[in-house]
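Report on the structure given below.
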Amino acid sequence: MADLLAIGALFAAIALASLLAARIGTSVIPLYIIAGMAISPAVAGELVVGGYDVPAIHSGEFVEIGAELGIVFLLFFLGLEFNLDRLVESRSRIFTAGTIDLAVNFGAGLVLGYLLFGTPLAAFLLAGIVYISSSAIITKSLIDRGWIANDEAAPMLGTLVYEDLAIAVYLAIAVALVTGGNGVAGLAQSVGLALGFILLLLLVVQFGGEAFERLLQGSSNEFLVLRVVGVTVLIAGIALAIGVSEAVAAFFVGMAFSSTTHVERLERLLEPVRDVFAAVFFVWIGLETDPVLVAGVAALVGIAVLVTTPTKLFSGYLGGRAYDLGPRRSTRVGLGMVTRGEFSLIIAAVALEGAGGTLSAAVAGDIYSFTVGYVLAMSILGTLLMQYSEPFERVAVERFGTE
Amino acid sequence: MVSEAKADAMDVIESDLPGVGKKHEVELGDGTSLVIVTHNTGQRELYLKPDDDSDSEKLVELSDRLARMVGTILEGAYFQPVQSEHVETMLTEGTLLEWYAVEASSPLVGETLESAHVGRKTGVTVVAIQRDEDVISAPDSQTEIEAEDTLVVIGDRESCDAFETMLTGDEEEE
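Protein sequence lines correspond, in order, to chains C and Z.
For the first sequence, counting from 1, position 53 maps to 53 in our numbering; every step adds exactly one.
For the second sequence, counting from 1, position 31 maps to 31 in our numbering; every step adds exactly one.
Shown next, in the form of structure tokens:
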């Protein structure tokens, strides 16, 4: 199939998926993944309709780079919306709620990962995958359900801010561990490089504010977008070239831009750019997924869902209590935080990098397929839990009272 | 972050919604509060919260443009039920941006900004004159003031009060 035609079909599939998501009132992420799976060689490629082979779309260089840009822009936005002052301002509550969330879910993930996959690195990856909630889906659901105007929004968004910072550090270490050399010395070197790079970027964020401000001064919308994309993708590319996570680099570049006076304009102008490439990323995830392999790890996904739904409910509930909310609203915090999504998939993509190296190809493939199945389940389950929160709230009030 | 608004001990609670925008909660006095969610995209959502324990009920969703228009109406720019001859906006603490209508009876009609010594006597700066459909921005000292003009001035409250006195000609009557 001609290249442009294939890309056109890919974007058409994305558009159809988003349309369907809007129609049935669910998040776009699971549908993008399913759309990707549907047009992949593993599904469409195997289909024969009326004697004709159904054409499949292969993930060529364009789709892979597009997916990478999706990761870069997702993390860039996280940095752009990340506000260190805000974190410091309400640090004690965010710190309490966020640390409970991290300890409970990352801890449970470590144990679960070690039991299921048997290696420390796989356990570390799985811990990240089940720890990190989906900012994109949760924020959107908060708005759709009108909870955004209620008190439960504060602990949810606060915990997400904590998770955002945690995931930036986590990704830097995960990439170093997965792509790093063998042996203690090689590992120490790559982790050292990653942490050194973070430190350097933090210094840029701290002292480079004025330079970033000057860069954007007096620019039209067109120049603004071009300059920011130019800076962000270049720095992400440099990071990747020296073996550091491009996502983490993008996060800190976003953070640097967030201190400029142009931050609101940037968010408005770059949102469509992020949405396009993020959609390519989710479809790419689907393209790389073989549904048969996902079915093969269905039991693992089932166990993970059974274990990590209650852990998020528990940590979210405690997080709500840390914000002085009553049992009813704290229950909502727990229900809302169940959703996992984009960041778990980014970690899965990292795991794939380690196939045949630090991870055996079988384990890397299993983690990848597991994550796709897990995110599909948790993104839908989380949205449903928020939609039908009332029975849970009633139980909580009956058990714990109203205060 | 809690910022107190002035007058009637109104409490406005401002809080950040990371990734979404900002939330302002305005207590309406009878236990209910009006919740305004301003999205980074400019979209505004208005909610009414019957009391502290209840869920907010969504009233309306406004685009940035609509929200500004509604805001202007609420501010009284189109119609002021309470007699007030001018509209004011606080630029910073202590500095006001005010609109004054020039009535035909005003002693300033026919004077220029220079001949009336507006700046020297009152301390305000006339930054624009609205005349019919036109806006004369940064009028120079020779610009003549006409009846039916609207003068846009900047100054501290004292200067603005002095200007209002000059404009209405009250000082001569007293």
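All residues carry an ideal CB built from backbone N, CA and C; glycine is no exception.
In terms of DSSP beta bridges, what is residue i paired with?
i, result
"Z:Val150", "Note on identity: in this sequence residue 150 of chain Z is Thr, with Val being the wrong assignment. Beta-bridge pairing links Z:Thr150 to Z:Ala101 and Z:Gln130."
"C:Met255", "Note: C:Met255 sits in no beta bridge, so no partner."
"Z:Thr92", "Z:Thr95"
"Z:Ser137", "Z:Ala128"
"C:Tyr52", "C:Val49"
"C:Ser344", "C:Ser344 is not bridged to any residue."
"Z:Ser33", "Z:Glu27 and Z:Lys49"
"Z:Gly155", "Z:Leu96"
"Z:Thr112", "Z:Glu144"
Just to confirm before moving on: does the CB-CB distance between residue i and residue j stay below 8 angstroms?
i, j, result
"C:Gly128", "C:Gly286", "no"
"C:Val297", "C:Ser369", "yes"
"Z:Glu98", "Z:Val153", "yes"
"Z:Leu151", "Z:Tyr100", "yes"
"C:Glu163", "C:Arg329", "no"
"Z:Leu48", "Z:Glu61", "no"
"C:Phe257", "C:Val228", "yes"
"C:Phe277", "C:Ile132", "no"
"Z:Leu17", "C:Ile71", "no"
"C:Val178", "C:Thr371", "no"
"C:Phe82", "C:Met255", "yes"
"C:Ser134", "C:Ser379", "yes"
"C:Leu74", "C:Arg274", "yes"
"Z:Cys160", "Z:Leu96", "yes"
"C:Pro327", "C:Val248", "no"
"C:Gly319", "C:Pro155", "yes"
"Z:Ile136", "Z:Ala147", "no"
"C:Tyr32", "C:Val283", "yes"
"C:Ile7", "C:Phe95", "no"
"C:Ile137", "C:Thr339", "yes"
"C:Phe223", "C:Ala168", "no"
"C:Gly158", "C:Arg265", "no"
"C:Ala194", "C:Ala172", "yes"
Under 8 angstroms between C-beta atoms, does residue i make it to chain Z?
i, result
"C:Ala247", "no"
"C:Glu398", "no"
"C:Gly408", "What the structure shows of chain C is the stretch from 1 to 403, and residue 408 of chain C is not part of that stretch, so it cannot be assessed."
"C:Glu267", "yes"
"C:Ser135", "yes"
"C:Ile29", "no"
"C:Glu393", "no"
"C:Thr139", "yes"
"C:Ile346", "no"
"C:Ile132", "no"
"C:Glu264", "yes"
"C:Ile143", "yes"
"C:Met1", "Residue confidence for C:Met1 is low, a pLDDT of 49 falling below 50, so the modelled location carries little weight; the figure read from the coordinates is stated next. Taking Cβ atoms only, chain Z never reaches closer than 8 angstroms to C:Met1, which makes this a no."
Would you say residue i faces chain C, with C-beta separation under 8 angstroms as the test?
i, result
"Z:Pro50", "no"
"Z:Asp11", "no"
"Z:Val20", "yes"
"Z:Asp64", "no"
"Z:Val70", "no"
"Z:Thr38", "no"
"Z:Leu17", "yes"
"Z:Lys121", "no"
"Z:Thr41", "yes"
"Z:Ser137", "no"
"Z:Val26", "no"
"Z:Asp55", "yes"
"Z:Tyr47", "yes"
"Z:Val2", "Model confidence at Z:Val2 stands at a pLDDT of 40, short of 50, so the residue's coordinates are unreliable and nothing is read from them."
"Z:Val102", "no"
"Z:Val60", "no"
"Z:Val35", "yes"
For this session: Pull out every residue of the stretch 175-199 of chain C whose Cβ sits closer than 9 angstroms to any Cβ of chain Z, in chain order.
Result: none
Problem set entry | Against chain Z: residues of the stretch 148-160 of chain C by CB proximity under 8 angstroms | Ile148, Ala149, Asn150, Ala153, Ala154, Leu157, Gly158 and Leu160
Problem set entry | Runs of beta strand (DSSP E) lying entirely within the stretch 38-64 of chain Z, each at least 3 residues, in chain order | 44-49 and 57-62
Exercise. At what residue ranges does the stretch 264-326 of chain C contain a whole run of the alpha helix (DSSP H), taking only runs of 4 or more?
Worked result: 291-296 and 298-322
For this session: Could you list the residues in the stretch 51-82 of chain C with a C-beta less than 9 angstroms from some C-beta on chain Z, going in chain order?
Result: Phe77, Leu78, Glu81 and Phe82
For this session: Mind checking the stretch 156-168 of chain Z against chain C and listing, in chain order, the residues whose C-beta falls within less than 9 angstroms of any C-beta there?
Result: none
For this session: Return the chain-ordered ranges of every beta strand (DSSP E) run that is complete within the stretch 323-402 of chain C and spans a minimum of 3 residues.
Result: none
Problem set entry | Length-filtered (4 minimum) alpha helix (DSSP H) runs lying within the stretch 175-220 of chain C | 183-207 and 209-216
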